[in-house]
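Peer 1: First to last, the protein sequences are chains W and V.
Heads up: the first sequence begins at 0 in numbering that gives the first Met the number 0, then just goes up one per residue.
Heads up: the second sequence begins at 0 in numbering that gives the first Met the number 0, then just goes up one per residue.
A virtual CB, placed ideally from N, CA and C, is assigned to each residue, including glycine.
Structure provided below as structure tokens; questions to follow.
2 protein chains.
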Amino acid sequence: MSEASALGTSRVRDAAPLFAALGDRTRFRLLMRLSSSGPRSITSLCARSQVSRQAITKHLAVLAEAGLVRSGRRGRERMWELEPKRLAEAHAYLDRISAQWDDALGRLSAYIDNPPPRR
Amino acid sequence: MSEASALGTSRVRDAAPLFAALGDRTRFRLLMRLSSSGPRSITSLCARSQVSRQAITKHLAVLAEAGLVRSGRRGRERMWELEPKRLAEAHAYLDRISAQWDDALGRLSAYIDNPPPRR
DNA sequence: CTCATGTGCAACCTCCGGGTTGCATATTGG
DNA sequence: CCAATATGCAACCCGGAGGTTGCACATGAG
Chain W
0 MSEASALGTS RVRDAAPLFA ALGDRTRFRL LMRLSSSGPR SITSLCARSQ
50 VSRQAITKHL AVLAEAGLVR SGRRGRERMW ELEPKRLAEA HAYLDRISAQ
100 WDDALGRLSA YIDNPPPRR
Chain V
0 MSEASALGTS RVRDAAPLFA ALGDRTRFRL LMRLSSSGPR SITSLCARSQ
50 VSRQAITKHL AVLAEAGLVR SGRRGRERMW ELEPKRLAEA HAYLDRISAQ
100 WDDALGRLSA YIDNPPPRR
């Protein structure tokens, strides 16, 4: 059974915060940098960033809260890395919506462009 | 060529607003209701909702702005329906990140749990 | 040991997102 | 035609998100 089908309706509560974490420009760029360059420290991530280090720190905290990244200490540095599982869950949420919609369309078939007569 | 690979790096700008639209509890529930029941009118969507009709209207506007839904007039009603293409794009963004991460890990292999000696 | 580097913490500011209320406007059933 | 239904629009409120600055604290290089 895929992870997608393992997402119960009750877990929909978790979806919004997850996507909200993805829904910020700065955070999304952080994820992109992290995913393309592998684990990095905060200062390393700040390198060419427009915002301050504290801002980056806060965003990383948000991403961590959403389960999208995790961190570990290495000496005086803190290394951050992606958490692919959570991404997969986001994936599953989208799949669920798509599937439901396809199902609904199967029952109703094009509506706006081809309105059925009102009863 | 899949839609995923058609997403250029420049389009990353569009990703954040898209996920931001998904990242609100009320909006996400709206999408769920829409996707599972097919096209509906605003008042229909307000039925068992906790928030006011205007709130719903605003949320639908946000979703429309993000390209996730579209609407059409039918008499005095306005019917709203899902826009699966945009969902697929969100999908693609997530895929891109996952793929990049896998690639990066392929180069570096587990870091935090198995730190390489510092140079 | 000592200093430079890498983070953590906290206070503070501003702006906008999510909600509400009130009123105006269009359509349609009869 | 007329009232009830379905939306649209605008003003207003409030709390929290995103950002900054300033300072404290830990740790590794030399």
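Could you tell me the boundaries of the alpha helix (DSSP H) in which valine 50 (chain V) lies?
Peer 2: No alpha helix (DSSP H) contains valine 50 (chain V), which DSSP labels as neither H nor E.
Peer 1: Could you run through the segment 34-48 of chain V and flag, in chain order, every residue whose CB is less than 8 Å away from some CB of chain W?
Peer 2: Cβ contacts with chain W: Ser34, Ser35, Ser36, Gly37, Pro38.
Peer 1: Who does glycine 37 (chain V) pair with in a DSSP beta bridge?
Peer 2: None; glycine 37 (chain V) has no bridge partner.
Peer 1: Strictly under 8 Å for the Cβ-Cβ distance: is aspartate 13 (chain V) near chain W by that measure?
Peer 2: It does not; no Cβ of chain W falls within 8 Å.
Peer 1: Give a yes or no on whether the minimum CB-CB distance between arginine 24 (chain W) and chain V is below 8 Å.
Peer 2: Taking Cβ atoms only, chain V reaches closer than 8 Å to arginine 24 (chain W), which makes this a yes.
Peer 1: Would a check of beta-carbon distances place serine 97 (chain W) closer than 8 Å to chain V?
Peer 2: Chain V contact via Cβ: present.
Peer 1: For glycine 66 (chain W), which residues of its own chain have a beta-carbon under 7 Å away from its beta-carbon, when the five flanking residues on both sides are left out?
Peer 2: For glycine 66 (chain W), where only same-chain residues beyond five positions count, the Cβ hits under 7 Å are Glu82, Arg85.
Peer 1: Looking at the C-beta of leucine 171 (chain V), does it have a partner C-beta in chain W at a distance below 8 Å?
Peer 2: Here chain V has residues from 0 to 118 only, and residue 171 (chain V) is not among them.
Peer 1: Using the beta-carbon of each residue, which ones in chain V are nearer than 9 Å to proline 106 (chain W)?
Peer 2: Position check: residue 106 (chain W) holds arginine in this sequence, whereas proline was assumed. Ordered by position in chain V, the residues that pass the 9 Å Cβ test against arginine 106 (chain W) are Gly37.
Peer 1: Give me the DSSP bridge partner(s) of valine 68 (chain W).
Peer 2: According to DSSP, valine 68 (chain W) bridges with W:Leu81.
Peer 1: Could you say which of W:Arg52, W:Asp94, W:Ser35 lies nearest to alanine 98 (chain V) if we only look at CA atoms?
Peer 2: The residue with the shortest Cα to Cα distance from alanine 98 (chain V) is W:Ser35.
Peer 1: Determine whether the Cβ of alanine 63 (chain W) lies closer than 8 Å to any Cβ atom of chain V.
Peer 2: Chain V contact via Cβ: absent.
Peer 1: Closer than 8 Å, CB to CB, is leucine 81 (chain V) near chain W or not?
Peer 2: Yes, its Cβ sits closer than 8 Å to a Cβ of chain W.
Peer 1: Anything in chain W within Cβ reach of leucine 134 (chain V), meaning under 7 Å, just list it in chain order.
Peer 2: Outside the displayed range of chain V (0 to 118) lies residue 134 (chain V), so it cannot be described from this structure.
Peer 1: Say whether chain W places a C-beta atom closer than 8 Å to the C-beta of leucine 29 (chain V).
Peer 2: Not closer than 8 Å to any Cβ of chain W, the Cβ of leucine 29 (chain V) fails to qualify, so no.
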